[in-house]
Each structure stands twice: as C-alpha cells, then as structure tokens.
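First the structure, in the form of structure tokens, and then the observations on it.
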Amino acid sequence: MGCDVSAVQRITVLGATGSIGLSTLDVIARHPERYQVFALSGYSRIDELLALCVQHRPAYAVVPNGESAARLRAALAAAGSSTEVLEGEAGLCAIASAPEVDAVMAAIVGAAGLRPTLAAVEAGKKVLLANKEALVMSGALFMDAVRQSGAVLLPIDSEHNAIFQCLPADYGRGLNQVGVRRILLTASGGPFRETPQAGLADVTPEQACAHPNWSMGRKISVDSASMMNKGLELIEACWLFDAAPAKVEVVVHPQSVIHSLVDYVDGSVLAQLGNPDMRTPIANALAWPERIDSGVAPLDLFAIARLDFQAPDALRFPCLRLARQAAEAGNSAPAVLNAANEIAVEAFLERRIRFPEIAGMIEQVLEQEPVVPLPSLEAVFAADQRARELSREWLRRHGR
Ligand code: NAD
Ligand code: MG
Numbered sequence: 004m005g006c007d008v009s010a011v012q013r014i015t016v017l018g019a020t021g022s023i024g025l026s027t028l029d030v031i032a033r034h035p036e037r038y039q040v041f042a043l044s045g046y047s048r049i050d051e052l053l054a055l056c057v058q059h060r061p062a063y064a065v066v067p068n069g070e071s072a073a074r075l076r077a078a079l080a081a082a083g084s085s086t087e088v089l090e091g092e093a094g095l096c097a098i099a100s101a102p103e104v105d106a107v108m109a110a111i112v113g114a115a116g117l118r119p120t121l122a123a124v125e126a127g128k129k130v131l132l133a134n135k136e137a138l139v140m141s142g143a144l145f146m147d148a149v150r151q152s153g154a155v156l157l158p159i160d161s162e163h164n165a166i167f168q169c170l171p172a173d174y175g176r177g178l179n180q181v182g183v184r185r186i187l188l189t190a191s192g193g194p195f196r197e198t199p200q201a202g203l204a205d206v207t208p209e210q211a212c213a214h215p216n217w218s219m220g221r222k223i224s225v226d227s228a229s230m231m232n233k234g235l236e237l238i239e240a241c242w243l244f245d246a247a248p249a250k251v252e253v254v255v256h257p258q259s260v261i262h263s264l265v266d267y268v269d270g271s272v273l274a275q276l277g278n279p280d281m282r283t284p285i286a287n288a289l290a291w292p293e294r295i296d297s298g299v300a301p302l303d304l305f306a307i308a309r310l311d312f313q314a315p316d317a318l319r320f321p322c323l324r325l326a327r328q329a330a331e332a333g334n335s336a337p338a339v340l341n342a343a344n345e346i347a348v349e350a351f352l353e354r355r356i357r358f359p360e361i362a363g364m365i366e367q368v369l370e371q372e373p374v375v376p377l378p379s380l381e382a383v384f385a386a387d388q389r390a391r392e393l394s395r396e397w398l399r400r401h402g403r
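Taking the numbering used here, the leading residue of the sequence shown gets 4, the next gets one more, and so forth.
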C-alpha cells in the first residue's frame with residue numbers, strides 16, 4: 004500500500020509560513036509515502052516561503068502581490084526550483100480548488116482566509132479547517148456549501164478536533180438523536196487567567212502573546228488572552244456540530260491536556276487528551292479515519308499529576324459574553340464581532356489601545372450595527388466592512 008503512487012495525497016497549505024502551516028508541513032514531511040505538497044502560500048515572510056519551497060518542492064507558491072512575486076521568482080530561479088509563483092486572492096483560490104488537490108489546510112489567519120477556504124469547500128475538497136474566523140463570519144453559507152459540494156470538513160482547532168473524536172460517526176443525524184447532552188469546550192484561561200481586573204489595564208502585547216501552554220500566531224494569542232478565542236470557538240462549535248449555543252459550555256482547564264469533552268444523556272462524558280501540540284489534531288485530520296505518527300511525545304500522566312477545572316470569569320473576560328450573545332443573535336452578529344475583534348487586536352498589538360478596550364470597542368460596534376441576515380458572500384463582506392469602519396471610527400473618536 005505504501006508504494007501505491009495513486010494513494011499519495013496532494014496537499015495545499017494556505018498560510019504555510021504560520022504556526023499551523025509549519026506544524027502541518029512537519030507532519031507531512033514525516034510521511035512522504037502518503038503526502039505530497041502541491042502548493043504553499045505566504046504573506047509577509049517571503050524568505051521563509053522560499054525555504055519551504057526548496058524543502059517541499061510544491062508545484063505552486065502564492066504571495067500577496069507583484070512585488071513579492073518578483074522577489075520570490077528570482078530567488079526560486081537562483082535556487083534551481085521549478086515552483087511556479089501566483090499572486091493575490093485569485094492565486095489563493097486557484098491553489099485551493101485545483102483539480103490535482105486532494106486536501107487543503109486552511110491556515111490563513113482572519114477574514115483574509117474566507118474566499119480561499121470557501122473555494123476549497125466549493126471544489127469539494129477535504130478541508131482541514133484552522134481558519135476559524137472564516138466559519139464564524141459566514142457559518143450558514145459555509146455549511147451550506149459543504150453540504151452542496153460534498154466537501155469533507157475536518158476541524159483542526161484542538162477543541163473541535165477533540166469533540167469530533169468524542170462524537171459518534173453519525174453525529175450529523177443531530178446531537179439530540181445521538182444522545183449528546185452538552186459539549187464541554189475547554190479553555191486554558193490564557194496568560195491572564197489569574198491577573199486581577201485592575202492589572203489588565205496595563206498588560207502589554209508581549210505579555211498577551213506569551214501563552215502558558217501553546218505557541219501560536221500573534222492574533223490568536225491575543226484572542227486567547229482576552230478569551231475571545233473561546234468565544235469564536237463557541238460559534239465555530241455551533242456550526243460544525245449543529246449545536247445551539249446553550250448546548251456548549253466553556254470550562255477553564257489550565258493544563259490544556261483535555262482538549263474538550265462530550266457529555267451524553269446516560270452520564271458518560273468522553274474526553275480527548277494529549278500534549279498541547281497542534282501536530283496531533285493536524286495528523287488526526289490529515290489521516291482521518293486512519294491514525295499516523297505526528298511526532299508528538301506520548302502523554303506522561305504521572306508528570307502532569309493533576310487536572311484542574313474552573314468556571315470562566317465573566318467579569319474579567321467580557322469577550323466570552325459578547326461572543327455568546329453574537330452566537331445567539333446569529334445572522335450578521337458573529338461577522339460583526341469578528342471584524343471588530345480583528346481591528347481591536349491589531350490596534351492593541353500596535354499599542355494604540357489598552358487590553359480592556361478590546362472588549363469595550365467590540366461591544367460598542369455590536370450595539371451600533373443592526374443584526375441583518377447574510378444571504379450571500381457579498382452581504383457577509385459588507386457586514387465585515389461596516390464593522391471595520393465603525394471600529395476605525397471608534398479609534399478616531401478615542402484619539403487613537
Ligand atoms: P500565524 O499568524 O502564525 O500564521 C498566519 C498565516 O496566514 C501566515 O502564513 C501568513 O502568511 C498568512 N496570512 C496572514 N495574513 C494574510 C493575508 N491578509 N492574506 C493571506 N495570507 C495571510 O497564525 P496561526 O497561529 O498559524 O493561525 C492560523 C489560523 O489557525 C488562525 O485562524 C487561528 O485562529 C487558527 N488556529 C491556530 C492555532 C495555533 O495553535 N496556532 C490553533 C487553533 C486554530
Ligand atoms: Mg483552539
């Protein structure tokens with residue numbers, strides 16, 4: 004079987020230079036008999052993308068514009084590489100939907116990943132979804148596209164991958180039908196889990212990005228610190244598993260060893276455990292329904308010794324409440340929440356706003372922007388743009 008050339012899967016990695024992209028390439032490189040890299044994309048780290056092209060020899064690489072394309076083409080030619088360079092969103096959509104591609108890792112951060120991820124879905128690919136913002140923005144359209152194209156959607160977010168592993172294969176019949184009482188979404192609590200409310204006003208981007216358990220990109224690190232990440236994940240879980248928001252409970256679990264749990268009506272609670280290393284969910288989704296080595300060390304329960312659980316603190320982490328409200332309001336509310344959050348996180352990373360203002364700004368934008376249905380991708384992007392404009396207005400009003 005291992006020598007059967009037709010069994011080799013060709014993979015596109017969108018966001019190859021990021022934290023998830025690099026972990027994906029690490030797993031792929033462990034199994035050359037199973038996986039071959041078809042295409043990679045990068046955004047600002049062109050030198051890193053060049054090194055990845057030399058190592059993984061993709062047919063295509065995608066960069067944001069003509070200038071970076073010229074630079075990468077020259078460097079590839081000097082390195083004797085035959086990788087072809089494409090540009091912009093059109094290039095991303097092309098490598099996501101090319102007929103040669105078997106699976107697409109969607110690991111671009113934020114709204115920028117929506118069109119290419121949807122292109123992979125519409126082309127009926129196996130889609131490994133890390134880009135949670137894409138699903139949060141366009142949940143109804145996204146899941147409709149999955150059903151229509153027959154794409155196989157596999158969650159990469161460690162919590163959702165854990166839930167997926169703890170659910171029966173026929174969960175698509177409905178959570179009630181398969182006896183699920185609740186989904187328990189675990190959260191590490193982030194770097195400020197024990198920081199008193201008053202101390203949060205002075206935390207820096209460096210402190211916010213220093214996550215105790217996971218090494219991740221800067222945007223998701225700030226989201227973890229504000230617990231907006233768990234809020235986005237709540238919305239993500241509702242779409243992936245067709246769950247009402249009230250069926251998803253957040254449990255703070257500081258060790259990040261249990262990646263989430265499913266509570267059944269008979270009192271059984273199934274959990275998935277593992278070291279906090281994204282190569283486990285990546286390997287799980289890549290090989291599903293088989294299992295392959297991910298390079299992750301075996302879990303040492305004696306070293307971990309104990310597992311703790313707490314209720315989230317709604318006062319210190321208002322983003323969680325805002326996300327739950329957006330999940331309940333549905334329609335455009337999650338897209339507005341996501342867009343305002345992207346602008347707020349960027350402003351916080353640029354030291355233009357303080358940490359507690361992230362939630363303050365998002366709350367005001369949500370109050371200003373009416374909740375409307377999003378029947379098309381154009382409507383999704385219109386809501387996204389309106390929320391970004393209101394967020395920038397907030398920054399101007401506050402002199403930032
Ligand atoms: P990262 O910042 O390390 O990488 C982001 C990638 O997206 C990079 O390859 C970058 O080149 C690309 N990119 C950024 N802006 C872009 C744009 N405008 N257009 C095209 N490409 C662009 O982020 P990450 O930590 O790897 O996270 C990626 C996604 O995976 C996010 O949606 C995040 O929420 C999700 N995720 C990450 C982790 C993790 O452990 N890092 C865990 C769960 C989910
Ligand atoms: Mg997660």
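Each residue gets a CB set at the ideal place from its N, CA and C atoms; glycine is no exception.
Check, Outcome
"Host beta strand (DSSP E) of Gln180 (start-end)", "No beta strand (DSSP E) contains Gln180, which DSSP labels as neither H nor E."
"Nearest-angstrom Cα separation, counted from Ala288 out to Lys222", "23 Å"
"According to DSSP, residues forming a beta bridge with Leu274", "The sequence shown places Ala at residue 274, rather than the Leu named in the question. BP columns for Ala274 point to Leu264."
"Span separating the alpha-carbon of Leu187 from that of Val251", "6 Å"
"Alpha carbon of Glu90 to alpha carbon of Gly69, nearest angstrom", "7 Å"
"Best match in Ile23, Ser218, Asn164 and Glu36 for proximity to Arg13 [C-alpha to C-alpha]", "Glu36"
"Distance between Leu340 and Pro373 (C-alpha atoms, nearest Å)", "12 Å"
"Neighbour flag for Glu381 against chain D, beta carbons, 8 Å", "In the structure shown, chain D cannot be found, because there is only a single protein chain."
"Ranges of the beta strand (DSSP E) found wholly within the segment 29-97, counting only runs of at least 3", "38-44, 63-66 and 87-90"
"Beta-carbon proximity list for Leu117, same chain, < 7 Å, skipping 5 on both sides", "Ala137, Met140 and Ser141"
"Buried or exposed by the 16-neighbour rule on C-beta atoms within 10 Å, applied to His401", "exposed"
"First and last residue of the uninterrupted alpha helix (DSSP H) at Ala290", "Arg282 to Ala290"
"Cβ pair count under 8 Å reaching 3, the segment 164-173 against the segment 253-272", "yes"
"Between the CA atoms of Gln328 and Gln151 - distance to the nearest angstrom", "29 Å"
"Cross-strand partners of Gln12 (DSSP beta bridge)", "Tyr38"
"Straight-line Cα distance separating Val107 from Ile421", "Only positions 4 to 403 of the chain appear in this structure, which leaves residue 421 out of reach."
"Segment contact, 8 Å Cβ cut-off, at least three pairs: the segment 180-195 with the segment 229-241", "yes"
"Minimum C-alpha distance to Ala274 - residue among Ile111, Val30, Ala64 and Pro171", "Pro171"
"The segment 356-363 touching the segment 120-129, judged by at least three CB pairs closer than 8 Å", "no"
"Outcome for Phe312 when other beta-carbon atoms lying within 10 angstroms are tallied against a minimum of 16", "exposed"
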